[in-house]
Structures are given as C-alpha cells and as structure tokens.
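If you're matching positions, the sequence shown starts at 461 in this note's numbering and goes up one per residue. Cβ atoms here follow ideal geometry from the backbone N, Cα and C, with glycine treated the same way. Keep in mind it's a predicted model, so treat the numbers as computed, not measured. First the structure, in the form of structure tokens, and then the observations on it.
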Amino acid sequence: MAKRSTLISPLQWAMRAAVLAAVCAFAGPVLGQVNDKMTPIAIPDQPTAIEIGTGPLPGATAQESWHSQYGSQFARNVTVATITPFLPDRSKASGAAVVVAPGGGFRTLSMENEGWNVARALAERGVAAFVLKYRLNQTPADMAGFERSMAAMFSGTAARPPRPDPQEMMTRLAPQIADSRAAFALIRRRAAEWKIDPDRIGIVGFSAGAMLTMATALVGEDAKPAFIGNIYGPLAAVTVPADAPPLFAALASDDPFFANGGIGLIDSWRAAKKPAEFHLYEQGGHGFGMYSKETTSTGWFNAFVSWLTMHGMLKPKA
C-alpha cells in the first residue's frame, strides 16, 4: 500500500487555513483584560491611506464600520482595500519594506494592535511598513447582529458548513489574495518615491493575516515576497515552492487555537532547505501582537527585526 503524503498542496493549505481562520474572529488577544466589550466607534480619519485598485467587494451590502475592544481599534465589513504607509526617517531608512496584514478571522481587522503599532515600530527601525486593510467577509451591519452571528458560529449546536474543495476555498479567499498582490504591485511601482528596494519587500501577518501571508507566498503569483513572517498562524505542513522566501514564525505554546497543531510548516521549509526561524514561547496566548504583556512572547518583534538584520534586509545598499 502506498504511503499517503502528510504534505498538503498550497490550495489545500489555504482551504484548511481559512476554515481555521473563522475560529480567530472572536478570539481577542487573550489578555484577561476587562475591557473586552465591543463598542462601536466612528471610522477614524485615515488621511494617508491609499486605495490599491482592487475595487469594491463584489456583492457587499454592509459598509465598513469600526469598534473598540481590548483598548484597541478594529475594522469590519471592509469593502475597499487600502494600504497605509509608515515611512522611516530618510536618515535611517534601510530600503527594506514590509506589508503588515492584521488578523481577525477574515471578519474583522485588528488595525491598531496588529497593524498601525507594528508599522510604527518597524518604521522606527528603518523599515518602510504598509498596513494592508484587506477586504473582509461580510457580517451583520449592526453590532448586536454581529455579536449574535459570532455567538451562533461558536455555539455547539451550530451547523458545520460542508468542507469545500480546494478550488472553492481559493475562490473564497480570492479578494484577500488579490489585495495582497495589489499591495506588492503598488509598493513596487512607487519604490523609487518611497526609497524602497523592490527586491526587499516582505510581508508579516497575524493569525488570519498570517494565513494570508502564507497564501501570498504559496499562491500569490507575482507578489513574490522577499521574506515572510507568520505570527501566531497555523503551522500545517505544505508543499514548499522552489522560490520560497525565508520564513520567520512565532507562536505561544498556550495558544488556544494553533499550539497543538504541530509544526509541519517549519519541517516543510527545512526539508526544502529554505531558511526558517521558529520561536515557540511558553506563554502568550493568541493575539498578543504589540500588547504589553509580562510574557516572553513580547520579544517576537525584536527577534523578527534581528532576523531581518541577519538576512541583510536592513543593511542600506551603497
């Protein structure tokens, strides 16, 4: 009997990742903070946001809205994708750039904790950062309806949707992958203006954003990131492309969603003889991002920057 491969194709990876992503939508940062109530807020001014040209989300009826939770700001029902540049002072600019993909289960986006705050910190280190506000799956327009829909999804009696085939799931993820590809294309078009080396543009994502990061590397066609960061995303084994970029991954061992799923992704990268660095933190939960916590998981950012430095990404070209 032939032995069945434990690897999955890029399409299957995206399928499984998107299924798992739904779990993350209501997860929060797992901080034990008391301010966990979702409170509607006005859409904040985003004067530097740039539409990336992928157009409105097909069939959308609910329009973009925002709420606060855990002392942070979240967007949902995003129908038009944008990037927001955070450019370093030109005296310290390295020429490297990073697309930052917040998480939220493809239903919300943690714009502050996993977006703007990450981008500001990268800019301080000389890296041009671009927060990708990608299009999301639609949810009820009103907050009460949104909360009910999420509660129903997590209820033990909720009907499980049929497991779609890989191509169907890629269709479901098509808007997000298109947004990621368009972000890379736009940054490369304006690379000279922003003092960016078009060969040193990578992507780092969180939870669902980490899934989008992996999909960008695996099936993103012309995106071709120079490096990728998977921060508390699933680590399922994949078939590694011949041109796979260096991979950085970080996860807490008490992550309620992905800590017990194995590290097949890391094994896959290493078996393909591609650079991979993996940090498994004892504590941190899920969604720690840039929150201040008394756990070593807060060290992921400095480790990521050190890793970029080791790979020569932060060394300005002569």
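Closest to ALA535 by CA distance: which of HIS771, PHE666, LEU596 and SER667 is it? LEU596
Please state whether the Cβ-Cβ distance between ILE512 and ALA588 is less than 7 Å. no
Span of the alpha helix (DSSP H) holding TRP654? Counting along the chain, TRP654 falls outside any alpha helix (DSSP H), and DSSP gives it neither H nor E.
When you compare only the Cα positions, how much space is there between ALA643 and ARG632? 19 Å
Pull up the distance between the alpha-carbon of VAL578 and that of ALA731, whole angstroms please. Computed Cα separation, rounded: 31 Å.
I need the straight-line Cα distance from VAL664 to LYS777, nearest angstrom please. 22 Å
Between PRO500, PRO694 and THR676, which lies nearest to GLU524 when the distance is taken from Cα to Cα? PRO500
Separation of THR508 from LEU768, as counted between CA atoms: 26 Å
Could you check how far apart the C-beta atoms of PHE566 and ALA668 are, in whole angstroms? I think they sit under 8 Å. 5 Å
Quick check on this structure: which residue in SER640, GLY744, ARG649 and ALA710 has the alpha carbon closest to the alpha carbon of GLY662? SER640
Exposed or buried, which one is GLN493 when buried takes at least 16 other CB atoms within 10 Å? With a pLDDT of 47 at GLN493, under the threshold of 50, the predicted position of this residue should be treated as unreliable, though the coordinate-derived value follows. Flag for GLN493 reads exposed.
Residue(s) in a DSSP beta bridge with LYS593: THR542
Grab me the residues of TRP576's own chain with a C-beta within less than 8 Å of its C-beta, minus the 5 sequence neighbours each way, in chain order. Closer than 8 Å at Cβ, skipping near neighbours: THR544, PHE546 and VAL591.
Among ASN495, LYS497 and THR539, nearest to THR514 - alpha-carbon criterion: THR539
Between the Cα of ALA651 and the Cα atoms of GLY555, ALA601, ASN495 and PHE761, which residue gives the shortest distance? When C-alpha distances from ALA651 are compared across GLY555, ALA601, ASN495 and PHE761, the shortest belongs to GLY555.
I'd like to know if the segment 731 to 745 and the segment 701 to 709 are in contact, where contact means that at least 3 CB-CB pairs between them fall below 8 Å. Taking one beta carbon from each stretch, the segment 731 to 745 and the segment 701 to 709 have 3 or more pairs nearer than 8 Å; the two touch.
Figure out for me which residue from MET571, PRO516, VAL698 and VAL700 has the closest Cα to the Cα of GLY531. Ranking MET571, PRO516, VAL698 and VAL700 by CA distance to the CA of GLY531 puts MET571 first.
Taking buried to mean at least 16 other C-beta atoms within 10 Å of its own C-beta, is PRO516 buried or exposed? exposed
Tell me VAL558's beta-bridge partners as DSSP assigns them. Beta bridge pairing from DSSP links VAL558 with ALA589 and GLY662.
For a test of the three-state rule: what should DSSP assign to GLY575, helix, strand or coil? helix
So the candidates are TYR594, PHE764, LYS593 and TYR741; which of them puts its Cα closest to the Cα of PHE708? PHE764
Please list the terminal residues of the continuous alpha helix (DSSP H) segment that includes LEU725. 724 to 731
Rounded to the nearest angstrom, how far is the Cβ of ASP715 from that of HIS746, given a contact under 8 Å? 5 Å
Do you know how far the Cα of PHE687 is from the Cα of ALA645? 16 Å
Thinking just about the alpha-carbon of each residue, which of ASN573, GLY563 and ARG580 is nearest to the one in LYS753? ASN573
Determine the direct distance from the alpha carbon of GLN598 to that of ALA520, and round the result to whole angstroms. 7 Å
If you follow the alpha helix (DSSP H) that PHE761 is part of, which residue opens it and which one closes it? 760 to 770
By Cβ distance, which residues of its chain are closer than 8 Å to HIS771, with the 5 residues on each side in sequence left out? PHE687, PRO706 and PRO735
Under a three-way DSSP split, which group does PRO716 fall into? coil
Of the listed residues LYS775, ALA581, MET773 and VAL559, nearest to TRP760 (C-alpha basis): The option with the nearest alpha carbon to TRP760 is ALA581.
For ALA675, count neighbouring C-beta atoms within 10 Å of its own C-beta (all shown protein chains included) and say buried if the count is 16 or more, exposed if not. buried
Does the beta carbon of GLY565 fall short of 6 Å from some heavy atom of the ligand SAH? The model depicted lacks the ligand SAH and carries no ligand whatsoever.
For a test of the three-state rule: what should DSSP assign to PRO635, helix, strand or coil? helix
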